[in-house]
Amino acid sequence: MHAVVVSVHEAEVELASDVLWSLGVVAIEERPTALHVELWTSLGEDTDAVSAVLSQRLGPWPWRFVEVDETVADNWRAHAEPVWVDNDLVICPSWVPFAAVDGVTTLRIEPGSTFGLGDHPTTILSMRAVRASLVGGATVLDVGCGSGVLAVGACVLGASKATAIDISPASVPTTEANAAANGVADRVRVSTTPLALIDGTYDIVVANILAPVLIELADDLRRVVAPGGVLVISGVLAGHHQHVEAALRPLRTRTVSTHNGWAALTLAAV
Ligand SMILES: C[S@@+](CC[C@H](N)C(=O)[O-])C[C@H]1O[C@@H](n2cnc3c(N)ncnc32)[C@H](O)[C@@H]1O
Numbered sequence: 004m005h006a007v008v009v010s011v012h013e014a015e016v017e018l019a020s021d022v023l024w025s026l027g028v029v030a031i032e033e034r035p036t037a038l039h040v041e042l043w044t045s046l047g048e049d050t051d052a053v054s055a056v057l058s059q060r061l062g063p064w065p066w067r068f069v070e071v072d073e074t075v076a077d078n079w080r081a082h083a084e085p086v087w088v089d090n091d092l093v094i095c096p097s098w099v100p101f102a103a104v105d106g107v108t109t110l111r112i113e114p115g116s117t118f119g120l121g122d123h124p125t126t127i128l129s130m131r132a133v134r135a136s137l138v139g140g141a142t143v144l145d146v147g148c149g150s151g152v153l154a155v156g157a158c159v160l161g162a163s164k165a166t167a168i169d170i171s172p173a174s175v176p177t178t179e180a181n182a183a184a185n186g187v188a189d190r191v192r193v194s195t196t197p198l199a200l201i202d203g204t205y206d207i208v209v210a211n212i213l214a215p216v217l218i219e220l221a222d223d224l225r226r227v228v229a230p231g232g233v234l235v236i237s238g239v240l241a242g243h244h245q246h247v248e249a250a251l252r253p254l255r256t257r258t259v260s261t262h263n264g265w266a267a268l269t270l271a272a273v
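In this text, residue positions in the sequence shown follow the working numbering: the first is 4, and each later residue adds one.
Following this line, the structure appears as structure tokens:
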């Protein structure tokens, strides 16, 4: 099995990790070395395809393949834990035992090979921000749904329906399975439809995607927010999101929340 090992400066660990997360990895192990931090992960066995993607997306960071006995991708499962989003909302890996607690909403999520176990700071921030804007019956568009955790969570919390889209084909069966596992299969529609081809508007649009992609999608993100609706974005670094806000004008930032160096913003028309 081939692991991918990326060498980065300590200050760039989060940035490089996020590029890897956006490529659909399910685990990253950080190994400090004398000069750098090595990020160990897996992108599958098609080394030609992996090389092509990494040379295009990894920018300045050197990387290499390393032969390993066990899949890095499966080791993380033994360490996965429930993540408390709020005092009354927990996202639990589907294979981890978790007893129901009175008054606590539990989402059961199996990410498969997609991003979205629920433990990343941007996912936690996005879930909280969606919840803060959610009134019963709201419609939701989840752009870059990964495992569908935000779309499924929104429906469990009272949204009338959620449309979930992602460029990764793996997100479709994974989101469908998570919607079914959480009893909202009839309210979640998932596809790889590009945002540009999404018609209509939504009360809540959420996009937890890296800043350059948010900027690229800005025109369409604005277009799909219903009058009186909100746009929740994350995937941006705390204190470094002015360029994304500028691209999204005339939407204006209403709230900013941060967690572990990441930020989520809720924007709305003035
Ligand atoms: C950081 S993950 C977020 C996953 C999940 N929504 C969460 O909050 O945990 C970003 C996702 O956006 C997807 N993505 C990247 N560019 C995209 C685009 N242009 N349109 C739709 N999805 C995109 C990636 O495949 C990835 O699944």
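The C-beta atom is built at its ideal place from N, Cα and C for all residues, glycine as well.
Reduced DSSP category for residue i - H, G, I as helix; E, B as strand; rest coil
{"i": "G156", "result": "helix"}
{"i": "D145", "result": "strand"}
{"i": "E84", "result": "coil"}
{"i": "I127", "result": "helix"}
{"i": "R60", "result": "helix"}
{"i": "L213", "result": "coil"}
{"i": "R226", "result": "helix"}
{"i": "L23", "result": "helix"}
{"i": "E113", "result": "coil"}
{"i": "P176", "result": "helix"}
{"i": "D49", "result": "coil"}
{"i": "V133", "result": "helix"}
{"i": "I170", "result": "coil"}
{"i": "R252", "result": "coil"}
{"i": "D206", "result": "strand"}
{"i": "D189", "result": "helix"}
Rounded Cβ spacing between residue i and residue j (contact assumed at less than 8 Å)
{"i": "V228", "j": "T204", "result": "6 Å"}
{"i": "P124", "j": "F101", "result": "Incorrect: roughly 21 Å between the Cβ atoms, too far for contact."}
{"i": "I168", "j": "V146", "result": "6 Å"}
{"i": "I6", "j": "V53", "result": "Note that residue 6 is Ala in the sequence shown, not Ile. Not really, about 11 Å apart at Cβ, beyond 8 Å."}
{"i": "G119", "j": "S97", "result": "Rounded, the Cβ-Cβ distance is 12 Å, inconsistent with contact."}
{"i": "L220", "j": "L198", "result": "6 Å"}
Residues sharing a beta bridge with residue i, DSSP
{"i": "V2", "result": "Given that the chain is displayed from residue 4 to residue 273, the structure contains no residue 2 and the question cannot be resolved."}
{"i": "A266", "result": "V239 and T261"}
Is there contact between the region 183–190 and the region 208–220, where contact requires at least three CB pairs shorter than 8 Å?
-> Verdict: no, contact absent.
Three-pair Cβ contact test at 8 Å for the region 50–62 versus the region 79–93 = Counting Cβ pairs under 8 Å, fewer than three are found: no touch.
Given 8 Å as the limit, is there contact between the region 173–189 and the region 148–159, that is, 3 or more CB pairs closer than that?
-> In the pairwise beta carbon analysis, the region 173–189 is classified as touching the region 148–159: at least three pairs are separated by under 8 Å.
Spell out a yes or no on whether the region 250–264 and the region 123–142 are touching, meaning 3 or more CB-CB pairs, one atom from each, closer than 8 Å.
-> These segments touch.
Validate contact between the region 132–142 and the region 39–48 using beta carbons, cut 8 Å, 3 pairs = The region 132–142 is not in contact with the region 39–48.
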